[in-house]
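Protein sequence lines correspond, in order, to chains A and B. Counted from 1, the first sequence has number 69 at position 69 by the working numbering; the numbering is strictly sequential. Plus 295 on top of the position in the second sequence (first one is 1) and you've got the working numbering. Structure first, commentary second.
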Amino acid sequence: MNAPGNPNRLHPMHLAMIVPVQALLIATIFLPSIYVFWLSLNESSFGVAPKFVGLRNYVEVLSDPYFWRAFVNTAIVINIVVYVELALGMAMALLFATGIPFRKTMISIVLAPYAISEVAAVVMWRFMLDPSIGMVSQTLTALGLPTIEWSVVPAHGLAVVCALSVWLHLPFTFLILYAARLAIPADLYEAARIDGASPWKQFVHITVPVLMPAILVAVLFRYIFAFRMFSEVWLVTGGGPARSTEVLAVYLYQEAFRYNEFGIASATGWLMVAGSILLAIPYLRSLYKRTLTDA
Amino acid sequence: MRRPLYIKALRGLALLAIAFWSAFPIALVVLSSFKPARDIFVFPPTWAFTPTFANYAGLWLRWPDFFRTLGNSLIVTLGATALAVIVSAMAGYVYSRKRNPYLAGSAFFMIFVRLFPPIVVTLPLFPLVNALRLNDTHLILVILYATFFVSMGTMILKAFVDQIPRELDEAAMVDGAGVWSVFWRVILPLSAQGMIAVGVFVFVYAWNEFLFAFIFTTSAAKTAPLVLSEMTGAVDGVEWGVLFAATTVQLVPVLIFVLLAQKYLIAGLTAGATKG
Numbered sequence: 001m002n003a004p005g006n007p008n009r010l011h012p013m014h015l016a017m018i019v020p021v022q023a024l025l026i027a028t029i030f031l032p033s034i035y036v037f038w039l040s041l042n043e044s045s046f047g048v049a050p051k052f053v054g055l056r057n058y059v060e061v062l063s064d065p066y067f068w069r070a071f072v073n074t075a076i077v078i079n080i081v082v083y084v085e086l087a088l089g090m091a092m093a094l095l096f097a098t099g100i101p102f103r104k105t106m107i108s109i110v111l112a113p114y115a116i117s118e119v120a121a122v123v124m125w126r127f128m129l130d131p132s133i134g135m136v137s138q139t140l141t142a143l144g145l146p147t148i149e150w151s152v153v154p155a156h157g158l159a160v161v162c163a164l165s166v167w168l169h170l171p172f173t174f175l176i177l178y179a180a181r182l183a184i185p186a187d188l189y190e191a192a193r194i195d196g197a198s199p200w201k202q203f204v205h206i207t208v209p210v211l212m213p214a215i216l217v218a219v220l221f222r223y224i225f226a227f228r229m230f231s232e233v234w235l236v237t238g239g240g241p242a243r244s245t246e247v248l249a250v251y252l253y254q255e256a257f258r259y260n261e262f263g264i265a266s267a268t269g270w271l272m273v274a275g276s277i278l279l280a281i282p283y284l285r286s287l288y289k290r291t292l293t294d295a
Numbered sequence: 296m297r298r299p300l301y302i303k304a305l306r307g308l309a310l311l312a313i314a315f316w317s318a319f320p321i322a323l324v325v326l327s328s329f330k331p332a333r334d335i336f337v338f339p340p341t342w343a344f345t346p347t348f349a350n351y352a353g354l355w356l357r358w359p360d361f362f363r364t365l366g367n368s369l370i371v372t373l374g375a376t377a378l379a380v381i382v383s384a385m386a387g388y389v390y391s392r393k394r395n396p397y398l399a400g401s402a403f404f405m406i407f408v409r410l411f412p413p414i415v416v417t418l419p420l421f422p423l424v425n426a427l428r429l430n431d432t433h434l435i436l437v438i439l440y441a442t443f444f445v446s447m448g449t450m451i452l453k454a455f456v457d458q459i460p461r462e463l464d465e466a467a468m469v470d471g472a473g474v475w476s477v478f479w480r481v482i483l484p485l486s487a488q489g490m491i492a493v494g495v496f497v498f499v500y501a502w503n504e505f506l507f508a509f510i511f512t513t514s515a516a517k518t519a520p521l522v523l524s525e526m527t528g529a530v531d532g533v534e535w536g537v538l539f540a541a542t543t544v545q546l547v548p549v550l551i552f553v554l555l556a557q558k559y560l561i562a563g564l565t566a567g568a569t570k571g
């Protein structure tokens with residue numbers, strides 16, 4: 001090539017151009033997170049000088065039944081949400097890929113929830129599910145079924161949170177799987193059909209293996225993002241009744257900003273960071289390999 | 296492909312169910328915002344009614360703050376979008392064109408850090424932001440929203456710049472252009488699509504974000520989603536009509552924006568998520 005010398009030599013200008021991104025990340029995410037680790041080793045409250053207590057906050061968090069309730073709720077909610085989204089997103093991606101009428105319009109409709117804030121979505125779902133005026137409840141009553149008491153029964157509250165979350169994030173899962181499915185060359189299926197493979201066999205032996213990278217991306221990303229869920233729970237149940245529907249982010253918020261227990265909240269925060277990284281390990285490993293082979 | 300009739304019928308039903316699931320809650324709220332109070336709670340819901348702007352008038356009268364907070368949302372959203380797109384474009388260019396172990400390390404760091412849950416950083420930032428007198432300002436939200444999107448933004452823009460032939464910038468270099476003018480005159484114009492794609496993501500996120508706005512703003516920089524949540528939490532019973540009007544005002548502009556920009560959204564998602 002024409003470039004003189006090593007084409008990968010960095011000009012100071014190149015460094016200057018990556019500084020803003022790195023500075024934002026270091027100043028607003030990385031250093032604060034490190035500081036949270038320090039805070040988690042101290043007994044501290046807002047406006048009070050921290051006092052070093054070692055791992056005592058972690059012991060307290062791990063022996064707090066509310067923490068474990070929040071942990072179990074988080075585990076239940078993310079597993080339901082991620083796999084329901086995967087199943088629905090996959091079914092929709094396959095349906096759309098076989099050619100459907102009004103494809104563009106249908107994609108617009110499916111995409112619409114992506115544009116909507118959690119708060120607006122909560123307005124919609126609370127209206128539909130309101131125990132006295134909501135049409136879902138009225139339909140259930142008309143059919144002689146029990147209604148959804150989401151503000152009274154914890155399981156109902158979490159079910160509403162799951163439905164809401166699936167509604168909001170299905171477009172993401174769908175689009176990733178749909179784009180990957182469209183990239184599968186048609187002759188693969190052609191050949192399979194000629195060999196007499198049934199649609200189910202084609203799904204198991206072609207679609208699933210070829211889509212596996214996209215499935216992993218969709219599932220991992222949704223795991224990592226559902227793990228930090230706050231707004232849906234906060235806006236639907238506020239964590240109640242009696243802190244029974246808290247998820248980890250809501251537990252952290254309550255400890256920090258309601259009970260002023262910064263040490264407890266920080267220990268929870270660091271456990272959440274560790275949890276996120278654990279969930280992301282498969283992704284981080286592939287990323288690490290790719291960036292290294294790239295280098 | 297020829298399909299038996301019952302398969303066609305099943306597919307049609309499935310599509311109807313998908314459309315209903317996605318669009319019904321939105322349509323219900325937008326339509327209900329134009330309904331007179333007595334029609335809102337009619338069951339089953341009526342689709343034929345005399346439209347009224349009474350709920351919007353009620354919103355204007357009882358929640359005047361809402362329109363001011365929409366202005367805040369717009370300022371914060373535009374600021375975060377501009378900041379994130381500019382810094383991601385610069386970094387995306389460098390990561391696309393240069394390879395070395397330090398850059399690879401910093402790219403890894405960039406994505407690694409993005410995996411930290413946002414609520415964790417509120418703990419140390421809350422007192423810090425207070426001390427710097429940045430709480431309840433547009434600036435703090437702009438910085439936070441941009442920060443949480445620059446990693447994805449950089450990966451998306453890297454993927455877009457990767458598609459611009461290197462010969463173009465090398466030719467410009469031979470003509471004596473410096474790094475910055477290559478970026479400014481060659482790369483930026485050709486990666487406009489990628490910049491729009493990143494912009495759409497940041498815009499939607501910043502317009503709708505709740506957690507940071509909830510923690511870092513109280514009145515001056517309060518954003519519209521916060522007022523919506525106050526309206527749903529009103530102790531003396533929710534005024535549904537007024538709430539629907541506010542929800543419609545908050546969601547319809549960004550909904551239209553997303554539908555117009557869906558091409559970029561899909562391009563960005565495939566470039567950023569599957570390749571990044």
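Note that beta-carbon positions come from the ideal geometry of N, C-alpha and C, so glycine has one too.
Spatial neighbours of residue i within its chain, please: C-beta separation below 6 Å, excluding the five flanking residues on both sides.
i	result
B/T442	none
B/T449	S383, A386, G387
B/K453	G387, Y390, S391
A/W125	L164
B/G473	none
Among the candidates the options, whose CA atom is the shortest distance from the CA of residue i?
i	options	result
B/V497	B/V380, B/N350, B/T345, B/F552	B/V380
A/L86	A/R228, A/V217, A/T28, A/A120	A/V217
B/L546	B/L311, B/Y559, B/I414, B/V499	B/V499
B/T512	B/D431, B/L550, B/M526	B/D431
B/P412	A/G144, A/A214, A/S266	A/S266
A/V233	A/S198, A/V77, A/L62, A/A93	A/V77
A/N42	A/D187, A/G54, A/G196	A/G54
A/Y35	A/V19, A/L287, A/P50	A/P50
A/A121	A/T105, A/V166, A/G99	A/V166
A/I18	B/M405, B/Q458, B/P419, B/L550	B/M405
B/L439	A/V21, A/I264, A/M272	A/V21
B/P484	B/G374, B/R363, B/G471, B/D464	B/D464
B/A271	B/D457, B/W479, B/Q458	There is no way to answer for residue 271 of chain B, as the model of chain B reaches only from 296 to 571.
A/V273	B/A399, B/A304, B/L410	B/L410
B/W535	A/V123, A/G239, A/D64, A/V210	A/V123
A/Y58	A/L271, A/R290, A/L279	A/L271
So, for residue i: in the same chain, excluding its five sequence neighbours on each side, which residues have a beta-carbon less than 7 Å away from its beta-carbon?
i	result
A/Y251	Y66, F67, A70, T268
B/T341	D334
A/T173	E85, L86, G89, A218, R222
B/T372	F498, A501, W502
A/S137	L129, D130, P131, T147, I148
How many angstroms separate the CA atom of residue i from the CA atom of residue j?
i	j	result
A/I281	B/I451	22 Å
A/T139	A/F102	31 Å
A/P185	B/A426	58 Å
B/L300	A/W200	20 Å
B/A332	B/N503	27 Å
A/V204	A/L175	21 Å
B/T417	A/S40	14 Å
B/R394	B/F455	17 Å
B/G494	A/E60	43 Å
A/G134	A/T141	11 Å
A/A3	A/F257	Low confidence applies to A/A3: its pLDDT is 47, below 50, so where it sits in the model is not reliable, and the reading given next is rough at best. For A/A3 and A/F257, the distance between alpha carbons rounds to 56 Å.
B/G528	A/F225	26 Å
B/W475	A/L158	52 Å
B/G571	B/M447	In this prediction, B/G571 has a pLDDT of 41, which is less than 50 and means its spatial position is unreliable; what the coordinates show is noted afterwards. One C-alpha to the other measures close to 8 Å.
A/S155	A/L25	A quick correction: the sequence has Ala, not Ser, at residue 155 of chain A. One C-alpha to the other measures close to 38 Å.
A/I206	A/L284	26 Å
B/A375	B/L436	8 Å
Check whether the Cβ atoms of residue i and residue j sit closer than 8 Å, and answer yes or no.
i	j	result
B/R306	A/L95	yes
B/H573	B/A519	This structure does not reach residue 573 of chain B, given that chain B is present from 296 up to 571, and the question cannot be answered.
B/V408	A/F30	yes
A/I236	A/V161	Checking the sequence, you will find Val at residue 236 of chain A rather than Ile. Closer than 8 Å, so yes.
A/A249	A/R228	yes
B/F361	B/P346	no
B/V537	B/N350	yes
B/A501	B/L523	no
A/A97	A/Y178	yes
Report all residues from its chain with a CB closer than 8 Å to the CB of residue i; omit the five preceding and five following residues, and keep chain order.
i	result
B/F552	V495, F498, V499
A/M1	At A/M1, the pLDDT of 42 sits below 50, so the modelled position is not reliable; the number obtained from the coordinates is stated separately. Taken in chain order, the residues that qualify are P7.
A/Q277	Sequence check: residue 277 of chain A is Ile here, not Gln. Same-chain partners within the cutoff: L284.
task: Please determine if the region 125-136 of chain A and the region 145-153 of chain A are in contact, where contact requires at least 3 C-beta pairs separated by less than 8 Å.
output: yes
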